[in-house]
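Undergrad:
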Amino acid sequence: MTTKQRFENILSWFAENAPSAESELHYSNPFELLVAVMLSAQCTDKRVNMVTPALFKAYPTAQAMAKATKEEVFALIHSVSYPNAKAEHLVGMAKRLVEVYDGQVPDNIDDLQTLPGVGRKTANVVCAVIWNQPTMAVDTHIFRISERLGLTTHSKSPRQTENQLVKYIPAELIPKAHHWLLLHGRYICQARNPHCEQCGLRSWCRMYETR
Numbered sequence: 024m025t026t027k028q029r030f031e032n033i034l035s036w037f038a039e040n041a042p043s044a045e046s047e048l049h050y051s052n053p054f055e056l057l058v059a060v061m062l063s064a065q066c067t068d069k070r071v072n073m074v075t076p077a078l079f080k081a082y083p084t085a086q087a088m089a090k091a092t093k094e095e096v097f098a099l100i101h102s103v104s105y106p107n108a109k110a111e112h113l114v115g116m117a118k119r120l121v122e123v124y125d126g127q128v129p130d131n132i133d134d135l136q137t138l139p140g141v142g143r144k145t146a147n148v149v150c151a152v153i154w155n156q157p158t159m160a161v162d163t164h165i166f167r168i169s170e171r172l173g174l175t176t177h178s179k180s181p182r183q184t185e186n187q188l189v190k191y192i193p194a195e196l197i198p199k200a201h202h203w204l205l206l207h208g209r210y211i212c213q214a215r216n217p218h219c220e221q222c223g224l225r226s227w228c229r230m231y232e233t234r
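Under my numbering, the first residue of the sequence shown carries the number 24, and numbering increases by one thereafter.
(1) Does the segment 52-66 come into contact with the segment 142-156, if we say contact requires no fewer than three beta-carbon pairs (one atom in each stretch) closer than 8 Å?
(2) Under three-state DSSP, which class holds M159?
(3) How do the segment 109-129 and the segment 76-85 stand: do at least 3 beta-carbon pairs fall below 8 Å, yes or no?
(4) Could you tell me which of E111, S169 and R234 sits nearest to H202, measuring between CA atoms?
(5) Measure the C-alpha to C-alpha separation of D68 and L48 and round it to an integer number of angstroms.
(6) Our contact map puts L196 next to L34 with C-beta atoms below 8 Å; I'd like the distance itself, whole angstroms only.
(7) Which stretch, first to last residue, makes up the alpha helix (DSSP H) that contains C222?
(8) Looking only at C-alpha atoms, which of S102, K190 and C228 sits nearest to H207?
(9) Quick check: what's the CA-CA separation for P139 versus E111?
(10) Mind listing, in chain order, the continuous alpha helix (DSSP H) runs of no fewer than 4 residues lying wholly within the segment 68-133?
(11) Measuring only the C-alpha atoms, how far is Y50 from K80?
(12) Classify S169 as helix, strand or coil using the three-state DSSP reduction.
(13) Do you know how far the Cα of R215 is from the Cα of T158?
(14) Assign R29 to one of two classes, buried (16 or more other C-beta atoms within 10 Å of its C-beta) or exposed (fewer than that).
(15) Look up T26 in the DSSP assignment and say whether it is helix, strand or coil.
(16) From the DSSP output, in three-state form, read off L62 for me.
(17) Should S102 be labelled buried (16 or more other beta-carbon atoms within 10 Å of its own) or exposed?
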């Protein structure tokens, strides 16, 4: 089986069996998504969704959050991972949005990455989810299962994984493919205990072939 055939089969299976895959983070506008994705780094979406209602009520806009102190934001997000750093980044991000972007979330990766606490993965998520751009965010789940499935080969970094994935995934499918792979890694192809017998991708999985 060629790499191209492996991609085609796996993408076809996802399209048939998970047509409505989407982010599990709760948000209602680009600013809220950006905040939620920043909070989700090394933290579960479930935990983030428990924290954000009160945070969004207190700071519904970049302008409101820009006026907050790090300590005020920390008090609302203290149960997530790395709350000190994230509180500082959120306030800094909001201030830059107000000062440089008139309070609006940028619609491109380069500008997004100028915001405090926003790396390539976060920028890719925002561009894909909000503007349906062909940007592939690679988290630990996607990094792991791309190698297991055989979609990537000997990838040493998220950026290498991203480059290998976008080479074979049609641009119009990349935003949805991000969620397909992420959710599959979160619930089926788990790190310590992959549920291979429940997996519909066994026929095309490199790891399953070599078990």
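Glycine included, every Cβ here is placed at the ideal spot set by N, Cα and C.
TA: Quick look at the numbers:
(1) yes
(2) Assignment of M159 by DSSP, reduced to helix, strand and coil, places it in the coil class.
(3) yes
(4) S169
(5) 6 Å
(6) 6 Å
(7) First-last for C222: undefined, no H or E at that position.
(8) C228
(9) 9 Å
(10) 68-81, 85-89, 93-100 and 106-124
(11) 12 Å
(12) helix
(13) Cα to Cα, the separation comes out at about 28 Å.
(14) buried
(15) helix
(16) Correct three-state label for L62: helix.
(17) exposed
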